[in-house]
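Scroll down for the structure; my scribbles are underneath it.
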Amino acid sequence: MAKNFVTREENYSQWYNDLVIKANLAENSAVRGCMVIKPYGYSIWERMQRALDDMFKETGHENAYFPLFIPKSFFSREADHVEGFAKECAVVTHYRLRNSPDGSGVEVDPDAKLEEELIVRPTSETIIWDTYRNWIQSYRDLPLLINQWANVVRWEMRTRLFLRTAEFLWQEGHTAHATEQEAIEETEKMINVYADFAENWMAMPVLKGIKSPNERFAGAVETYCIEALMQDGKALQAGTSHFLGQNFAKAFNVQFLNSENVLEYVWATSWGVSTRLMGALVMSHSDDHGLVLPPKLAPVQVVIVPIYKSDEQLQLINETVEPIIADLKKLDIRVKYDNRTTQKPGWKFNEYEFQGVPVRIAIGPRDIENKTVEVARRDTLEKKSYQMTCIDVVIKNLLEQIQKNLYIKALDFREENTRKADTWDEFVDIIENKGGFVYAHWDGTSETEQAIKDKTKATIRLIPIEGKKEQGKCILTGKPSEQRVVFARSY
RNA sequence: CGGGGUAUAGCGCAGUCCGGUUAGCGCACCUGGUUUGGGACCAGGGGGUCGUAGGUUCGAAUCCUACUACCCCGACCA
Numbered sequence: 045m046a047k048n049f050v051t052r053e054e055n056y057s058q059w060y061n062d063l064v065i066k067a068n069l070a071e072n073s074a075v076r077g078c079m080v081i082k083p084y085g086y087s088i089w090e091r092m093q094r095a096l097d098d099m100f101k102e103t104g105h106e107n108a109y110f111p112l113f114i115p116k117s118f119f120s121r122e123a124d125h126v127e128g129f130a131k132e133c134a135v136v137t138h139y140r141l142r143n144s145p146d147g148s149g150v151e152v153d154p155d156a157k158l159e160e161e162l163i164v165r166p167t168s169e170t171i172i173w174d175t176y177r178n179w180i181q182s183y184r185d186l187p188l189l190i191n192q193w194a195n196v197v198r199w200e201m202r203t204r205l206f207l208r209t210a211e212f213l214w215q216e217g218h219t220a221h222a223t224e225q226e227a228i229e230e231t232e233k234m235i236n237v238y239a240d241f242a243e244n245w246m247a248m249p250v251l252k253g254i255k256s257p258n259e260r261f262a263g264a265v266e267t268y269c270i271e272a273l274m275q276d277g278k279a280l281q282a283g284t285s286h287f288l289g290q291n292f293a294k295a296f297n298v299q300f301l302n303s304e305n306v307l308e309y310v311w312a313t314s315w316g317v318s319t320r321l322m323g324a325l326v327m328s329h330s331d332d333h334g335l336v337l338p339p340k341l342a343p344v345q346v347v348i349v350p351i352y353k354s355d356e357q358l359q360l361i362n363e364t365v366e367p368i369i370a371d372l373k374k375l376d377i378r379v380k381y382d383n384r385t386t387q388k389p390g391w392k393f394n395e396y397e398f399q400g401v402p403v404r405i406a407i408g409p410r411d412i413e414n415k416t417v418e419v420a421r422r423d424t425l426e427k428k429s430y431q432m433t434c435i436d437v438v439i440k441n442l443l444e445q446i447q448k449n450l451y452i453k454a455l456d457f458r459e460e461n462t463r464k465a466d467t468w469d470e471f472v473d474i475i476e477n478k479g480g481f482v483y484a485h486w487d488g489t490s491e492t493e494q495a496i497k498d499k500t501k502a503t504i505r506l507i508p509i510e511g512k513k514e515q516g517k518c519i520l521t522g523k524p525s526e527q528r529v530v531f532a533r534s535y
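The C-terminal position of the first sequence is numbered 535 in our numbering, with every residue numbered one higher than the one before it.
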């Protein structure tokens with residue numbers, strides 16, 4: 045495995061591929077980086093999914109499931125939307141295969157052409173709004189608060205494992221509201237849910253803000269986002285929440301009668317996070333020893349490894365460990381006792397470090413004698429002996445401490461890599477040589493943003509929502525600006 | 001779609017320039033023994049249409065042609 049991941053970007057790719065494959069997380073399939081999440085990796089994702097799902101339900105949302113295929117004609121209804129997605133759609137044109145005449149295998153049967161092509165959903169706004177038309181008649185039907193967990197396909201020109209695969213698993217929330225105000229509140233509420241999840245579950249600090257028009261979702265009036273900083277100094281968009289205005293309601297003719305018996309178009313939002321969060325998790329905390337998982341998301345929070353020379357010793361350790369496991373389980377700690385005889389202790393230590401298990405307990409003859417256990421934490425790699433009595437409470441506290449420590453570490457890293465630039469030279473120097481987030485003034489035009497991107501590959505990651513007003517001059521054009529925005533190179 | 005690279009055992013690679021025993025190494029796997037507090041050691045063993053198709057040659061992993069797949073860098077994007 046490549047060393048010095050944190051400081052040497054060129055090693056990143058090798059490190060990353062080694063990591064995800066060896067850690068049994070995922071592997072690239074032949075189809076444009078389609079993501080296959082193996083069992084261990086999936087169990088991490090499943091915990092994330094469950095936590096998010098609970099948060100959606102707490103905020104009043106219900107789950108539903110809509111079709112995979114969307115008739116092509118649906119896409120032409122919202123102009124910006126089709127513009128945004130047309131270039132990356134997988135299209136179903138035929139419905140049958142046949143044996144090749146030359147006997148070399150199978151081929152698409154040219155006689156089985158579809159009347160109207162079907163698009164594999166790149167996102168579900170169109171099919172959902174087509175459905176909502178039938179579900180919404182009265183203000184009494186609103187708000188409609190629905191979430192869908194689904195896989196979608198965007199045929200990207202270039203894929204990147206976890207961060208941009210052709211097929212990915214995500215959730216997309218789609219809500220309909222009677223008023224503009226209520227829809228905006230929903231949009232903001234959900235970006236806050238995402239930020240809450242990122243910080244409190246993933247231990248990943250995020251910036252909140254809105255996107256510049258260039259980066260806005262196709263069909264949205266306003267796009268809110270959370271952005272995280274990865275260990276190599278690049279930004280990663282971790283979640284988005286869109287205020288869609290009445291664009292989709294008008295495109296799909298979704299109207300309702302309000303309490304004054306007046307026909308109105310509904311106001312909409314949509315919001316989503318994807319398996320990209322797995323990439324974010326890996327890239328936020330991992331080190332050269334492998335994954336580092338925040339305890340709240342770790343499928344296994346504590347692993348116990350016995351150290352023994354004889355069967356009798358193992359038997360003794362088994363008996364000693366039994367009540368400890370019971371105590372830990374009582375405190376809802378996910379614990380695994382690995383007393384396989386097929387692997388050696390050293391091998392197990394490395395294996396669980398690789399998988400990012402937050403806490404490891406080792407127990408051997410020496411410990412039995414002293415009534416102690418050896419506790420090692422994954423985040424700092426520190427080892428320490430504790431008395432066996434009350435070890436459950438020690439571990440519980442330690443897990444909470446690790447969760448906090450990971451967040452603080454990531455936050456410190458972000459602070460160290462967040463800078464202000466007041467001149468063009470300063471800006472270029474930071475982007476080229478240091479990376480990270482750069483707060484700088486911008487004249488507010490798309491042309492300037494594009495020019496900065498062309499020159500430096502840096503884009504506006506977000507415009508802070510509650511950013512301080514401050515008079516300044518655009519770093520590129522020198523035109524007046526009232527607020528700094530956040531620039532970075534990104535994935 | 002442009003530029004670069006790679007393809008040899010489950011994984012990682014050497015061998016290719018300069019054709020010539022039976023294609024090799026590390027990890028992993030299997031058997032036996034000794035081991036077990038940070039990826040053990042010794043001995044033995046199994047596993048290969050050398051990416052595909054054609055060509056040159058007495059002889060091809062090696063030379064030639066075409067094709068395919070994957071990786072990296074760009075444009076595009078969550």
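The C-beta atom is built at its ideal place from N, Cα and C for all residues, glycine as well.
| Item | Value |
| --- | --- |
| Within 10 Å of its beta-carbon, does Tyr-139 have 16 or more other beta-carbons around it, so buried, or fewer, so exposed? | exposed |
| Would the beta-carbon of Met-322 be found less than 7 Å away from any heavy atom of the ligand GTP? | The ligand GTP is absent from the structure shown, which contains no ligand whatsoever. |
| Taking only three categories from DSSP, how would you classify Ile-270? | strand |
| Would you kindly work out how many angstroms separate the C-alpha atoms of Ser-57 and Ile-235, rounded to a whole number? | With a pLDDT of only 32 at Ser-57, under 50, the local geometry of the prediction cannot be trusted, and the value read off the model is given with reservation. Spanning the two alpha carbons is a distance of roughly 30 Å. |
| The alpha helix (DSSP H) that contains Val-472, what's its start and end? | 468–473 |
| Going by DSSP, name the residue or residues bridged to Trp-315. | Gly-217, Ser-285 |
| Checking 8 Å against the spacing of the C-beta atoms, do Glu-259 and Thr-503 come in under that value? | yes |
| Specify whether the region 247–255 and the region 504–516 touch according to this definition: at least 3 beta carbon pairs, one from each stretch, less than 8 Å apart. | yes |
| Quick one: complete beta strand (DSSP E) runs, 3+ long, within the region 108–133? | 113–115 |
| Please look up how many angstroms separate the CB atoms of Thr-500 and Cys-518, rounded, as I've assumed it's under 8 Å. | Contact doesn't hold; Cβ gap of about 14 Å is too wide. |
| What's the gap between the Cα of Thr-103 and the Cα of Arg-384? | 44 Å |
| Decide yes or no for the touch test of the region 430–437 against the region 369–376: beta carbon pairs closer than 8 Å, at least 3 of them. | yes |
| Out of Thr-433, Gly-400, Gly-408, point me to the one whose CA is closest to Thr-424's CA. | Gly-400 |
| Along the chain, where does the alpha helix (DSSP H) that runs through Thr-364 open and close? | 355–374 |
| Can you look up Lys-427 in the DSSP assignment and give me helix, strand or coil? | strand |
| Counting only the same chain and skipping the five closest in sequence on each side, list residues whose C-beta sits under 6 Å from that of Phe-100. | Asn-191 |
| Run through the DSSP bridge pairs and tell me what Leu-321 is partnered with. | Looking at the DSSP assignment, Leu-321 forms no beta bridge with any residue, so it has no partner. |
| By Cβ distance, which residues of its chain are closer than 8 Å to Pro-537, with the 5 residues on each side in sequence left out? | As displayed, the chain neither begins before 45 nor continues past 535, which places residue 537 out of reach and without an answer. |
| Flag this pair as yes or no: are the beta carbons of Trp-245 and Thr-284 separated by less than 8 Å? | no |
| Given this structure, state the Cα-to-Cα distance separating Gln-9 from Ala-108, to the nearest angstrom. | Within the shown structure, residues of the chain are numbered from 45 to 535, placing residue 9 beyond reach of any answer. |
| Can you name, in chain order, every residue of its own chain whose Cβ lies under 7 Å from the Cβ of Phe-471, other than the five neighbours on each side? | Ala-465, Val-482, Ala-484, Ile-519 |
| Less than 8 Å separating the beta-carbons of Arg-121 and Thr-170? | yes |
| Pick from Glu-230, His-286, Tyr-268, Ser-328: whose alpha carbon is nearest that of Gly-277? | Ser-328 |
| Could you give the DSSP three-state label for Ile-65: helix, strand or coil? | Residue confidence is low: Ile-65 scores 39 on pLDDT, short of 50, so the model does not pin down where it sits. No coordinate-derived value is stated. |
| For Pro-508, write down the residues that DSSP places opposite it in a beta bridge. | Gly-253 |
| Should Glu-514 go down as buried or exposed, given a rule of 16 or more other Cβ atoms within 10 Å for buried? | exposed |
| Report the residue from Met-92, Trp-179, Glu-90, Thr-209 whose alpha carbon sits nearest the alpha carbon of Glu-132. | Thr-209 |
| Whose CA, out of Glu-161, Pro-524, Glu-211, lies closest to the CA of Arg-320? | Glu-211 |
| According to the Cβ coordinates, are Tyr-396 and Val-336 closer than 8 Å? | no |
| Check whether the region 298–309 and the region 351–363 are in contact - that is, three or more C-beta pairs closer than 8 Å. | no |
| Considering only the beta carbon of each residue, do Ala-324 and Leu-288 sit closer than 8 Å? | no |
| Which term fits Val-265, buried or exposed, when burial requires 16 or more other beta carbons within 10 angstroms of its beta carbon? | buried |
| Please state the DSSP three-state secondary structure of Phe-531. | strand |
| Since Tyr-483 sits in a beta bridge, which residues does DSSP pair it with? | Lys-464, Val-530 |
| In the DSSP assignment, find the unbroken alpha helix (DSSP H) run with Thr-492 in it and report its ends. | 490–500 |
| Quick check on the burial criterion: 16 or more other C-beta atoms within 10 angstroms. Buried or exposed for Gly-334? | buried |
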